[in-house]
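Trainee:
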Ligand code: NAD
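Printed below as a string of structure tokens:
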């Protein structure tokens, strides 16, 4: 596609330099990513720091106007960006995948531009007058993962810029080209050095998060890396927003109509072929509807096509990388050895390509099996039987993660009561995983701390200041 080639020409490393990136589905080369070193970091942060005061002085209205203009540019290049994303990440163009992700980027920029953080009058009693305002933090380091590389980068970049900060953004080493392309589109309208891309590996991420010139880290990725970033912040006192791993539980109550909820359960678990932080990763189903729910999910799974993302018929793709493919296959093998009953899938879909693993439903497993206790981050769902709701709640809360959860019932009040007992940053009722730029999102326990989105998200990209008098 001509436009994608133009985007690639802007960002790829010169011939002979850089690191080759391959199509996740076919293994064919897409282009070479530049790789920056720790030495390049000082210069990038110095440029971002120098650009920050003028960016802050522009004010909210002008910054919002630029975010809206950037959203328009994304919409103009949407198909090229989606095409590149589909090849590099593996997610299909069609379904809730690559086009959906690019659309979310412009939607998020516009919603962030429209969100207003008003000064708060804290005390005004005739004697004391204290007002709370938010100043920019300074330079934000944004570090993103490979599963939703564009959308998550925008979640970090948009509120940072909106609040008057400048940003250096480090994409995952698995999906740098899509993010470099996105940044180059945003930089068609942003002033120089307000947003600087930093393609590179894990060591560059570590150097960025511990750098003395960084004031805030927006991090989305694994819990293990999140812990390292917390350690680094002891040195530079960078403020942190940490969106870490999840192992979301869904609880299905006895009063559901299994066929009616099956498609929403399916996408709750398998959006982006399961490579989603707040996907349904453990499904607890009441004994009285267990067999019907498993059968209804299997029926939906059979209808969903997996394959090369550029084929419009496909709505599921490969695992993005071999490391993740191995994690998923190992967890399924282990579940089989521990009595798990494979309802569908259960062995690599090698006929589709190297890193394809089919939708896999594993019934009759329980807590204590690795597929339940560990984050699979792929297309394998353990379905666990329960008979006592208190027991299901206890098991749902039994892990050290708490990003999302869901309750499925035709009785909203009953579902709401159970939702309030679940240890998770978001609990959905009769759906799972939907996010909205107006609604705060974040995890508890090992899923991290801090929230993104909405007014609360803007506050986390500012430094509170009291004006007293
Ligand atoms: P990862 O932690 O391996 O990598 C994420 C990013 O951190 C990459 O850019 C990587 O280069 C960088 N990095 C690696 N080591 C670093 C270090 N020491 N210091 C600083 N940066 C470092 O995660 P991943 O495998 O790319 O992503 C998958 C994980 O992300 C899953 O656990 C998933 O649940 C989680 N995730 C969470 C959310 C959320 O919103 N909570 C969203 C998406 C993904």
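Numbering (the working numbering), first residue to last: 3 to 471. Glycine included, each C-beta is placed from N, C-alpha and C at the ideal position.
Please confirm whether any heavy atom of the ligand NAD lies closer than 8 Å to the CB of residue 57.
Mentor: Residue 57: no, Cβ never under 8 Å from the ligand NAD.
Trainee: Pull up the distance between the alpha-carbon of residue 409 and that of residue 418, whole angstroms please.
Mentor: Their Cα atoms are separated by approximately 8 Å.
Trainee: What residues in its chain sit with their C-beta under 6 Å from that of residue 12, if we drop five residues either side in the sequence?
Mentor: Cβ within range, chain order: 186.
Trainee: Quick one: is the Cβ of residue 430 within less than 8 Å of any heavy atom of the ligand NAD?
Mentor: Incorrect: residue 430 has no Cβ contact closer than 8 Å to the ligand NAD.
Trainee: Using only the heavy atoms of the ligand NAD, determine whether one of them is closer than 8 Å to the beta carbon of residue 221.
Mentor: It does: the Cβ of residue 221 is within 8 Å (strictly closer) of some heavy atom of the ligand NAD.
Trainee: Express the C-alpha separation of residue 299 and residue 361 in angstroms, rounding to a whole number.
Mentor: Each residue's alpha carbon lies about 10 Å from the other.
Trainee: Can you tell me whether residue 207 sits near the ligand NAD, meaning its C-beta is under 8 Å from at least one heavy atom of the ligand?
Mentor: Yes, Cβ of residue 207 sits closer than 8 Å to a heavy atom of the ligand NAD.
Trainee: Confirm the yes/no value for this check: CB of residue 156, any heavy atom of the ligand NAD, distance under 8 Å.
Mentor: Outside the cutoff, so no.
Trainee: Taking only the alpha-carbon atoms, compute the straight-line gap between residue 352 and residue 213 and give it to the nearest angstrom.
Mentor: Answer to the nearest angstrom: the Cα atoms are 43 Å apart.
Trainee: For the beta strand (DSSP E) containing residue 126, list its first residue and its last residue.
Mentor: It spans 122 to 126 - the beta strand (DSSP E) in which residue 126 sits, taken as one unbroken run.
Trainee: Is residue 98 closer than 9 Å to residue 309 when the C-beta atoms are compared?
Mentor: It is not a contact, given that the beta carbons lie outside the stated cut-off.
Trainee: Less than 9 Å between CB atoms is the rule here; does residue 205 satisfy it with respect to chain B?
Mentor: Checking the listed chains, one finds no chain B in this structure; it contains a single protein chain.
Trainee: Check residue 57 in the structure and name its three-state DSSP category.
Mentor: Residue 57: helix per DSSP, three-state reduction.
Trainee: Could you spell out where the alpha helix (DSSP H) holding residue 242 opens and where it closes?
Mentor: Per DSSP, residue 242 belongs to no alpha helix (DSSP H); it is in the beta strand (DSSP E), 241 to 245.
Trainee: With a threshold of 7 Å on Cβ separation, who are the neighbours of residue 21 within its own chain once the five nearest residues in sequence on each side are excluded?
Mentor: Taken in chain order, the residues that qualify are 34, 35, 37.
Trainee: Determine, using beta carbons only, whether residue 359 and residue 379 come nearer to each other than 9 Å.
Mentor: In this structure, residue 379 does not lie closer than 9 Å to residue 359 by Cβ.
Trainee: Just to confirm, does residue 279 get its C-beta within under 8 Å of one of the non-hydrogen atoms of the ligand NAD?
Mentor: Residue 279: yes, Cβ under 8 Å from the ligand NAD.
Trainee: Between residue 447 and the rest of its own chain, which residues show a CB-CB distance below 7 Å, the 5 nearest in sequence each way excluded?
Mentor: The residues are 402, 403, 404, 425.
Trainee: Going by alpha carbons, who is nearest to residue 389 out of 290, 411, 407, 444?
Mentor: Comparing Cα positions, the closest option is 290.
Trainee: Residue 96 by DSSP, collapsed to three states: which one?
Mentor: Three-state result, residue 96: coil.
Trainee: Can the beta-carbon of residue 117 be found closer than 9 Å to that of residue 457?
Mentor: Against a cut-off of 9 Å, the Cβ pair of residue 457 and residue 117 comes out as a contact.
Trainee: Am I right that residue 139 and residue 427 are in contact with their C-beta atoms under 8 Å? What's the rounded C-beta distance?
Mentor: At roughly 22 Å, the Cβ-Cβ gap does not stay under 8 Å, so residue 139 and residue 427 are not in contact.
Trainee: Rounded to the nearest angstrom, what separates residue 255 and residue 288 at their Cα positions?
Mentor: About 6 Å.
Trainee: Verify whether the separation of the beta carbon atoms of residue 333 and residue 373 is less than 9 Å.
Mentor: Yes. Within cutoff.
Trainee: Could you compute how far the alpha carbon of residue 133 sits from the alpha carbon of residue 376?
Mentor: Each residue's Cα considered, the two are about 46 Å apart.
Trainee: Are residue 273 and residue 435 closer than 9 Å when you measure CB to CB?
Mentor: Yes, the Cβ-Cβ distance between residue 273 and residue 435 is below 9 Å.
Trainee: When you compare each of 205, 364, 25, 209 to residue 44 by their alpha carbons, which one comes out closest?
Mentor: Answer by Cα proximity: 209.
Trainee: Quick one: give me the first and last residue of the beta strand (DSSP E) that residue 39 is part of.
Mentor: Per DSSP, residue 39 belongs to no beta strand (DSSP E) and is neither H nor E.
Trainee: Check residue 447 in the structure and name its three-state DSSP category.
Mentor: In this structure, residue 447 counts as strand in the three-state DSSP scheme.
Trainee: State the DSSP-derived secondary structure class of residue 62, mapped to helix, strand or coil.
Mentor: Three-state DSSP puts residue 62 in a helix.
Trainee: Just to confirm, is the Cβ distance from residue 453 to residue 443 under 9 Å?
Mentor: It is a contact, given that the beta carbons lie within the stated cut-off.
Trainee: Which residues bound the alpha helix (DSSP H) around residue 153?
Mentor: Its alpha helix (DSSP H) spans residues 151 to 164.
Trainee: Mind reading off the beta-carbon distance from residue 231 to residue 219? Whole number of angstroms is fine, and I expect it under 8 Å.
Mentor: Right, the Cβ-Cβ distance comes to about 6 Å (below 8 Å), so this counts as a contact.
Trainee: Where do the ends of the beta strand (DSSP E) carrying residue 365 lie?
Mentor: Run containing residue 365: 362 to 365, per the beta strand (DSSP E) assignment.
Trainee: If the criterion is Cβ atoms closer than 9 Å, does the pair residue 113 and residue 350 meet it?
Mentor: No; because the gap between Cβ atoms is not below 9 Å, this pair is not in contact.
Trainee: Using 8 Å as the cut-off, classify the Cβ of residue 387 as near or not near the heavy atoms of the ligand NAD, replying yes or no.
Mentor: Outside the cutoff, so no.
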